[in-house]
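S.K.: Right, I'll just put the structure down here and ask away after.
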Amino acid sequence: MHVAAITVDCANPAHLSTFWQALLGGESAPPDEEGVITLTLPTGLQLDFAPVPDPKTTKNRLHLDIRTTDYGSAITRALALGAAPADDVYSGTRWQVLRDPEGNEFCLLRPTSEPTE
Numbered sequence: 110m111h112v113a114a115i116t117v118d119c120a121n122p123a124h125l126s127t128f129w130q131a132l133l134g135g136e137s138a139p140p141d142e143e144g145v146i147t148l149t150l151p152t153g154l155q156l157d158f159a160p161v162p163d164p165k166t167t168k169n170r171l172h173l174d175i176r177t178t179d180y181g182s183a184i185t186r187a188l189a190l191g192a193a194p195a196d197d198v199y200s201g202t203r204w205q206v207l208r209d210p211e212g213n214e215f216c217l218l219r220p221t222s223e224p225t226e
């Protein structure tokens, strides 16, 4: 048994997959017959963006932790691509919580060798 993909329910799979591809890289496949767009990240992990009619209403029960090589630049880049700070969610000294364009929380983590402020 293994994890085949992480599925993200969303209103606009094309828009959200484009955000994540710009942030993380990888190859995006055309939508399948159900409108799901698969983004295969450089690590091999697949993110599936599935269209759903229901809007996101609460904090995610599962989120991505993304290790950065340049913490400050990664935050600036994510914000420029359309992420937003999650000011109502605790961010620690080693990570920053952001929201993607549809409001899904994710964390950008400092490099393991970078000192905290």
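With my numbering applied, the sequence shown covers 110 to 226. Just so you know, even glycine gets a beta-carbon here, dropped at the ideal spot from N, CA and C. In this text the structure is predicted, and so the values were computed from the model without any measurement.
#1: Which same chain residues end up closer than 7 Å to I184 when comparing Cβ atoms and leaving out the 5 residues on each side of it in sequence?
#2: Counting along the chain, where does the beta strand (DSSP E) carrying P160 start and finish?
#3: According to DSSP, what are the bridge partners of I184?
#4: Using the three-state DSSP reduction, which class does A131 fall into: helix, strand or coil?
#5: Does P122 come out as helix, strand or coil in the three-state DSSP assignment?
#6: Give me the Cβ distance between L190 and A131, rounded to the nearest whole Å; I'm assuming they're in contact under 8 Å.
#7: Kindly list the residues whose CB is nearer than 8 Å to the CB of E214, restricted to its own chain and excluding five residues on each side of it in sequence; keep chain order.
#8: Anyone know if the C-beta pair for F158 and P210 falls short of 8 Å?
#9: For A195, name the three-state secondary structure that DSSP assigns.
#10: Taking a contact to mean a Cβ-Cβ separation below 8 Å, would you say L150 touches S126 in this structure?
M.R.: Reading from the atomic positions:
#1: As a first step, residue 184 must be located in the sequence shown, where it is residue number 75. Excluding positions up to five away in sequence, the list reads Q205 and L217.
#2: Within the sequence shown, the letter at position 51 stands for residue 160. Taken as a continuous stretch (DSSP letters only), the beta strand (DSSP E) holding P160 covers Q155 to P160.
#3: Counting from one through the sequence shown, the residue named residue 184 turns up at place 75. Answer is none; I184 lacks a bridge partner.
#4: Locating residue 131 in the sequence shown gives position 22, where the first residue counts as 1. Three-state result, A131: helix.
#5: Translated into positions along the sequence shown, residue 122 becomes position 13. DSSP places P122 in the helix class (H, G or I) of the three-state scheme.
#6: Mapped onto the sequence shown, residue 190 falls at position 81. Mapped onto the sequence shown, residue 131 falls at position 22. Contact between L190 and A131 holds: CB atoms are separated by about 5 Å, below the 8 Å threshold.
#7: The residue labelled residue 214 in the question sits at position 105 within the sequence shown. Contacts found: K168, N169, H172, A195, V198, V206, L207 and R208.
#8: On the sequence shown, residue 158 is found 49 positions in, with the first residue counted as 1. On the sequence shown, residue 210 is found 101 positions in, with the first residue counted as 1. It is not a contact, given that the beta carbons lie outside the stated cut-off.
#9: Numbered from 1 along the sequence shown, position 86 holds the residue referred to as residue 195. A195 falls in the coil class under three-state DSSP.
#10: Taking the first residue of the sequence shown as position 1, residue 150 is located at position 41. Taking the first residue of the sequence shown as position 1, residue 126 is located at position 17. For the 8 Å CB-CB criterion, L150 and S126 do not form a contact.
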